[in-house]
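Numbering-wise (this note's numbering), the sequence shown opens with residue 63 and increments by one.
Note that CB positions come from ideal geometry on N, CA and C, so glycine has one too.
Working notes, beginning with the structure itself.
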Amino acid sequence: MALPKYPSADSASAADADNQPQREPLRDRFAFLQAGILDRDHPKNKWFMLSVLAAGLAIVILDGTIVSIALPTIIKSLQLTITEAQWVTALYSVIFAAILMSTGGLADRIGRRRTFFIGLVIFLIGSVMAGSSISSSALIISRGIQGVGGAFVLPSTLSSVHTHFHGRDRHLAFGIWGAVMSGTAAVGPLLGGLILKYATWQYIFLINVPIVLFIMLGTGLFVPNSKGEPNPLNPAGFDPLGFLLSATGIAALVFGIIEGPRLGWWQPNTTLDLGYNPIPNVGSISAVPFFIGGGLLLIILFLVWEYFRAKAGKHVILNLTLFKIPTFSWGNLTAGTIAVGQFCLVFLLPLYLLNCLQVGYMTAGVVLAMMAVGAFIAGTLSRAAAERVTPAGVVIIGLALEVIAVTILAATVDAATSIAVLIILLIIYGVGLGFASAQLTSTVLRDVPVEVSGMGASTQSTVRQLGTATGFALAGTVLTMSLSRRLPDMLNTFGAPDKIVTQLTNETIASAGSNLQGLFMPPFSDFLVLGFADSIADAMWVTVGFLCVGFVAALQVWRVSRTATDATEQA
């Protein structure tokens, strides 16, 4: 809308107005302020909008990692069982991933600001409930509610950025979005450590309340309610069966991946306990293959259902023709592998810092935050870099830095690695992560029609969530397998009795190495620390492998994007 006019109180002539230049700056400032409040589409306001969206993104990503450092305190306070404690962390990711696919399409239909605001309200309710919980069931339910809110917020932020930013500004906006996405996950443990140092665990959740209220205010002032107009890719309607198939399929798949290390990938380690009565295993087979297999089957049925609905011209949650866009399909593969690599490290590094180097929680949080420092540095540089080497070229540079940093980490990690060396490598990794995540997002959505940007954004977000769950699960599985092999070998070499070997190995695996903190049983404790460090390195090589796959996929993204650009220029 046009800026409002502000006539003077009298009927001064134009000549008289020219004699009063001192009033013009104040009038301009007032006009911009009023435009900012009344006109969300004002060009200057898109950067305020980006700040609001980035804050919303940060709060839901942060909540996925901040809880982990407080979990021991929560277990003691609420007397949680191990199963209940795992559900406190896992349910957020399971619910988050399960409904992401549907919320992006909903944002296209009812409006991205409206979906974003609804997500903030749900997340706020879940945060208040979590901070007020006095029982395990109340806390677990509230975490599920938070997951629902996060699933509404995340794709709305990405599709809004894609809709309102263009050209050079889009590169910068996606750079900031990617830096926030990758950096806040690493900030979680540091912020959690700070809160626990000065307050109780409840404030891990209650701190969200004033932040979310402030974001809600900013949403009303600066975020337009853009929608995707009905078109052949996004006709009007509803798809309840598609929602049911996708939500249950993804939930079962993510649950199986998360629970695989604990329940056993094939042979059962323990029975599945959902909080009531344990579910018996089927013969000698774990429940995990049934969850993963059932989840994959439901996802296949979902894809078939969506194909036939789209063919009939009906509304779909996911239009499979999006995967005919090469940058979209290759970019999603790259995004998934980046997420696997990132969250392998997020799982492994705290265990290494606390159990091998035996530093304090605050020191561990500061070291992990170096990934965020690197990611934010990359976010500020990504626009200029994208203009020089193209967004796809920036993704390749970012992944190359990630591969180099993690390879050096895996090759040098031991029981006495310098903190300074870790900080340098994590900053390099963070810069790579920031470059790759930021410009990959803009590349993936580059050729996606704006009308279905919510659908495209939710698809990429779901792929990231699946990569996150896979990263946690793979890191835990490889670490467990390596510990069960390395620790007995080391202890047997020293000539330890079989009983001691079995006991110390089982205790170290069951506690993920936390029994090593303050353990003084020389020389056994020394061998255990050495073995744990070597096992951490083994698991890091898995991270390197996935990042290499991502690098190859990124080369494909660069190739197809360059081909498309050349074709456009020739046309």
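Whose C-alpha, out of the options, is nearest the C-alpha of residue i?
i, options, result
"residue 43", "288, 509, 469, 412", "Here the chain comprises residues numbered 63 to 633, so residue 43 is not present and cannot be evaluated."
"residue 239", "203, 499, 569, 434", "499"
"residue 151", "166, 618, 165, 134", "134"
"residue 186", "174, 215, 159", "215"
"residue 494", "562, 613, 576", "613"
"residue 347", "363, 521, 531, 330", "330"
"residue 474", "382, 402, 602", "602"
"residue 520", "118, 136, 161, 302", "161"
"residue 351", "225, 323, 370, 373", "323"
"residue 590", "547, 621, 112", "547"
"residue 444", "484, 479, 492, 408", "492"
"residue 139", "188, 407, 195", "195"
"residue 327", "349, 488, 625, 512", "349"
"residue 190", "584, 263, 221", "263"
"residue 409", "607, 549, 531, 513", "531"
"residue 574", "562, 549, 555", "549"
"residue 526", "110, 208, 403, 285", "403"
"residue 109", "610, 566, 284", "284"
"residue 619", "455, 365, 209", "455"
Can you say whether residue i is buried or exposed, counting buried as having 16 or more other CB atoms within 10 angstroms of its CB?
i, result
"residue 414", "buried"
"residue 596", "buried"
"residue 476", "exposed"
"residue 537", "buried"
"residue 394", "buried"
"residue 272", "exposed"
"residue 198", "buried"
"residue 301", "buried"
"residue 141", "exposed"
"residue 453", "buried"
"residue 317", "buried"
"residue 381", "buried"
"residue 107", "buried"
"residue 625", "exposed"
"residue 97", "Legend: pLDDT at residue 97 = 46, less than 50; position of this residue unreliable, value from coordinates given subsequently. That one is buried."
"residue 483", "exposed"
"residue 84", "For residue 84, the predicted structure reports a pLDDT of 46, less than 50, and the residue's modelled location is therefore unreliable. A value from the coordinates is still provided. So residue 84 ends up on the exposed side."
"residue 260", "exposed"
"residue 523", "buried"
"residue 368", "buried"
"residue 622", "buried"
"residue 401", "buried"
"residue 251", "buried"
"residue 561", "exposed"
"residue 386", "exposed"
"residue 362", "exposed"
"residue 554", "exposed"
"residue 125", "buried"
At which residues does the alpha helix (DSSP H) containing residue i begin and terminate?
i, result
"residue 430", "423-451"
"residue 224", "198-226"
"residue 543", "515-556"
"residue 303", "302-325"
"residue 397", "388-413"
"residue 583", "Element bounds for residue 583: n/a, residue is neither H nor E."
"residue 246", "229-260"
"residue 385", "Taken as a continuous stretch (DSSP letters only), residue 385 belongs to no alpha helix (DSSP H), as it is neither H nor E."
"residue 479", "Neither: residue 479 is in no alpha helix (DSSP H) and is coded neither H nor E."
"residue 287", "No alpha helix (DSSP H) holds residue 287; DSSP gives it neither H nor E."
"residue 176", "174-193"
"residue 637", "Only positions 63 to 633 of the chain appear in this structure, which leaves residue 637 out of reach."
"residue 109", "108-124"
"residue 129", "128-140"
#### Entry: Stretch-stretch touch, CB-based, cutoff 8 Å, three pairs: the region 452-466 with the region 499-514
yes
### Task
Mind the definition here: the region 433-443 touches the region 237-256 only if three or more C-beta pairs lie below 8 Å; say whether that holds.
Yes, since at least three Cβ pairs between the region 433-443 and the region 237-256 fall closer than 8 Å, the two stretches touch.
### Query
Do the region 231-238 and the region 161-174 meet, that is, are 3 or more Cβ pairs less than 8 Å apart?
No, because fewer than three Cβ pairs between the region 231-238 and the region 161-174 fall closer than 8 Å, the two stretches do not touch.
### Message
Could you check whether the region 163-172 touches the region 216-223, counting it as contact only if at least three pairs of C-beta atoms, one from each stretch, sit closer than 8 Å?
### Response
yes
### Message
Does the structure place the region 419-426 close enough to the region 613-623 that three or more beta carbon pairs sit under 8 Å?
### Response
Taking one beta carbon from each stretch, the region 613-623 and the region 419-426 have fewer than 3 pairs nearer than 8 Å; the two do not touch.
### Validate contact between the region 504-519 and the region 247-262 using beta carbons, cut 8 Å, 3 pairs
no
### Query
Do the region 279-287 and the region 108-120 meet, that is, are 3 or more Cβ pairs less than 8 Å apart?
yes
### Query
Three or more C-beta pairs closer than 8 Å, one from the region 508-516 and one from the region 368-378: is that the case here?
No: the two stretches stay apart, fewer than three of their Cβ pairs being nearer than 8 Å.
### Message
For the structure I just gave you, are there three or more beta carbon pairs, one from the region 352-363 and one from the region 303-310, closer than 8 Å?
### Response
yes
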